[in-house]
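Numbering (the UniProt record's numbering), first residue to last: 1 to 156. The structure under discussion appears below in the form of structure tokens.
This is the structure in structure tokens:
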């Protein structure tokens, strides 16, 4: 098999993985809307498992460009499940938001949700930093503005 054919095969394999992960994301979104947070989280986690590669492998920059946005969204959605579910898990929520930010440094939702986890754990300095960073990225976001005001008022 020529190098070009091998590269095309690898690219199509990654494209299929991304499509399947996006389907798991969609199923998770339906469960989330139905307030079935554990089920939604299971769907999102399945999507992430599809995108995993063995430790000895890495995605090429082109592959990462297609995998990254889906992986970031899956991580942010898992964080939303952890924030909204009956069993709040601060560390896991923070970890998923941090992973989303690694895939997409400009992900406002990841910073917002991580700030919410920090606030629930009374880590107000970290929460304020995430909100400030998110607001710099999206200055017209009213939710971020309101959260900063609430945070400042409650920590005086």
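Glycine residues also receive a C-beta, built at the ideal position from the N, C-alpha and C atoms.
*Just how far apart, CA to CA, sit residue 106 and residue 66?*
The count along the chain shown starts at 1 and reaches residue 106 at position 106. The count along the chain shown starts at 1 and reaches residue 66 at position 66. The straight-line gap from Cα to Cα measures roughly 16 angstroms.
*Under the rule that 16 or more other beta-carbon atoms within 10 Å means buried, what is residue 47, buried or exposed?*
What you label residue 47 is simply residue 47 of the chain shown in a count that begins at 1. It is buried - the Cβ of residue 47 has at least 16 other Cβ atoms within 10 Å.
*Enumerate in chain order the residues of its own chain whose CB-to-CB distance from residue 120 is below 7 angstroms, with the five nearest sequence positions on each side excluded.*
Position 120 of the chain shown, counting from 1, holds the residue named residue 120. Hits under 7 angstroms: 88, 90.
*Helix, strand or coil at residue 103 according to DSSP, with G and I counted as helix*: Here residue 103 refers to the residue found at position 103 when the chain shown is read from its first residue. Note: residue 103 maps to helix in three-state DSSP.
*asked:* Rounded to the nearest angstrom, what separates residue 147 and residue 113 at their Cα positions?
replied: Start at 1 with the first residue of the chain shown, and residue 147 comes out as number 147. Start at 1 with the first residue of the chain shown, and residue 113 comes out as number 113. Those two C-alpha atoms are separated by around 11 angstroms.
*Determine, using beta carbons only, whether residue 156 and residue 116 come nearer to each other than 8 angstroms.*
For the purposes of this step, residue 156 is taken as the residue at position 156 of the chain shown. For the purposes of this step, residue 116 is taken as the residue at position 116 of the chain shown. Not closer than 8 angstroms, so no.
*Is any beta-carbon of chain B found at less than 8 angstroms from that of residue 24?*
Chain labels in this structure do not include chain B; a single protein chain is all it has.
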